[in-house]
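For reference, the structure discussed in these notes is given below.
Residue numbers (the UniProt record's numbering): 1 to 408.
As structure tokens, then:
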């Protein structure tokens with residue numbers, strides 16, 4: 001196995017699933033365990049100013065080995081995995097010399113990754129893929145990015161003949177629950193600009209992302225024996241149905257693409273007395289994003305008028321915003337990454353992120369931070385996989401970005 005694969009396989013053994021409910025940073029202890037492992041490795045490989053703070057943020061510096069001053073570049077990835085699917089006891093599987101057919105992930109449970117469902121598999125015929133065993137996610141989002149950054153800086157340390165400016169690295173907790181940049185100390189990090197390694201398939205280069213909000217709608221009912229319920233019972237689940245019926249049914253993740261926004265129902269709880277909906281709201285355009293939030297407000301206002309103020313409550317908060325506004329004034333950093341990809345034989349695919357990264361928040365905190373591919377597919381579920389060649393190419397892109405900056 002290559003160095004990047006060795007690191008990746010080690011990191012996915014850590015259960016770093018984040019959790020929206022704990023109120024802690026990091027939200028789960030496994031993230032701190034991985035952070036401590038990364039600190040150990042960074043110190044052993046010879047990085048400087050290695051630090052781990054009480055919130056689980058890892059930072060380190062590879063000092064410049066040049067006589068002239070060049071911009072300081074940073075690379076950032078997140079350590080947590082999504083709470084949408086379990087990341088405990090990950091058992092990676094290798095599919096060598098992939099033949100282009102369906103992949104049996106788990107024969108015993110008859111879990112098969114079908115090409116008909118995931119046609120992107122055809123891009124990787126002849127390559128080695130790393131998959132799950134069908135019972136967990138893989139964690140390529142974003143432990144592939146972590147492994148790629150760690151591999152790249154280790155390579156630079158082991159090859160001092162390669163001239164480079166200062167390279168700063170950072171690993172964050174809780175990105176998957178929208179809190180990855182909450183306690184990121186941009187001043188301490190000290191880079192002029194940075195790149196997240198948190199993208200999907202090979203070649204992806206992104207400097208636009210969704211504007212994002214989280215919404216929780218709670219409904220209260222009144223339970224009465226059903227035989228005596230006429231004009232007395234209020235079934236909170238029926239209010240849920242009314243709420244849902246007023247949202248456009250085609251504006252959901254499974255029916256949208258490119259720059260189209262959506263409402264995504266994350267969770268639902270229900271009984272006659274109490275029901276709750278958890279949503280994320282997404283759109284690239286700020287006006288459309290605000291209109292989506294306003295629709296939630298309007299629906300809730302109308303339902304309160306019908307059922308009572310106390311029976312419908314809405315809690316909604318912004319999570320992050322489209323980074324394009326902050327990247328465009330320093331667009332040359334996107335151009336550097338695009339040229340780096342071309343130089344190492346990767347075709348750049350400049351596409352919007354249908355999601356968010358730490359980079360979107362960091363860009364608004366003063367650290368412009370476009371996103372580079374980490375190589376994975378089908379994040380947040382049992383069909384997640386990553387091609388080995390894509391991970392190696394991500395390492396090559398990091399090294400070439402550092403090289404191009406040194407030559408500016």
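Glycine residues also receive a C-beta, built at the ideal position from the N, C-alpha and C atoms.
These figures come from a predicted structure and were not determined experimentally.
Rounded straight-line distance, which links the Cα of residue j to that of residue i
i, j, result
"residue 169", "residue 59", "6 Å"
"residue 132", "residue 274", "38 Å"
"residue 329", "residue 353", "19 Å"
"residue 231", "residue 293", "33 Å"
"residue 88", "residue 408", "44 Å"
"residue 343", "residue 56", "35 Å"
"residue 390", "residue 10", "18 Å"
"residue 191", "residue 96", "39 Å"
"residue 124", "residue 256", "25 Å"
"residue 284", "residue 382", "28 Å"
"residue 376", "residue 388", "10 Å"
"residue 296", "residue 211", "16 Å"
"residue 338", "residue 348", "6 Å"
"residue 301", "residue 223", "23 Å"
"residue 68", "residue 62", "16 Å"
"residue 341", "residue 397", "6 Å"
"residue 78", "residue 378", "17 Å"
"residue 117", "residue 102", "10 Å"
"residue 187", "residue 202", "31 Å"
"residue 409", "residue 229", "Absent from the model: residue 409. The displayed extent of the chain is 1 to 408, so no value can be given."
"residue 475", "residue 216", "Past the boundaries of the shown model lies residue 475; the chain is included only from 1 to 408, so the question cannot be answered."
"residue 83", "residue 161", "43 Å"
"residue 278", "residue 267", "5 Å"
"residue 189", "residue 218", "40 Å"
"residue 323", "residue 280", "18 Å"
"residue 272", "residue 288", "34 Å"
"residue 106", "residue 119", "20 Å"
"residue 37", "residue 71", "29 Å"
"residue 182", "residue 99", "44 Å"
Cutoff 7 Å; reference residue i; Cβ partners in own chain excluding five residues on either side
i, result
"residue 317", "213, 214"
"residue 163", "65, 66, 406"
"residue 8", "143, 144, 147, 391"
"residue 351", "204, 206"
"residue 374", "140, 142, 144, 145, 148, 197, 198, 199, 394"
"residue 39", "50, 52, 58"
"residue 333", "193, 368, 370"
"residue 320", "178, 212, 356, 360, 361"
DSSP bridge partner residues for residue i (one or two, in chain order)
i, result
"residue 51", "59"
"residue 353", "209"
"residue 387", "129"
"residue 194", "74"
"residue 438", "Residue 438 cannot be examined here, being either before or after the span of the chain that is shown, 1 to 408."
"residue 17", "81"
"residue 169", "60, 75"
"residue 95", "129"
Neighbourhood of residue i by C-beta distance below 6 Å, restricted to the same chain and skipping five residues each side
i, result
"residue 395", "4, 148, 151, 152"
"residue 253", "262, 264"
"residue 357", "196, 198, 371"
"residue 51", "59"
"residue 121", "115"
"residue 315", "216"
Coil, strand or helix - residue i by DSSP
i, result
"residue 346", "coil"
"residue 106", "strand"
"residue 373", "strand"
"residue 315", "strand"
"residue 339", "helix"
"residue 201", "coil"
"residue 179", "coil"
"residue 323", "coil"
"residue 90", "coil"
"residue 402", "helix"
"residue 151", "helix"
"residue 30", "helix"
"residue 101", "coil"
"residue 12", "coil"
"residue 142", "helix"
"residue 408", "coil"
"residue 45", "helix"
"residue 382", "coil"
"residue 362", "helix"
"residue 161", "coil"
"residue 368", "coil"
"residue 174", "coil"
Other residues of its chain near residue i: CB distance less than 8 Å, five sequence neighbours each side excluded
i, result
"residue 73", "165, 166, 167, 168, 191, 192, 193, 194, 195, 401, 402, 405"
"residue 136", "85, 86, 87, 88, 89, 90, 91, 382"
"residue 43", "50"
"residue 326", "363, 364, 368"
"residue 251", "260, 261, 262, 263"
Legend entry - alpha helix (DSSP H) runs contained entirely in the UniProt domain "Peptidase M20 dimerisation" (208-305), provided each spans 4 or more residues: 236-245
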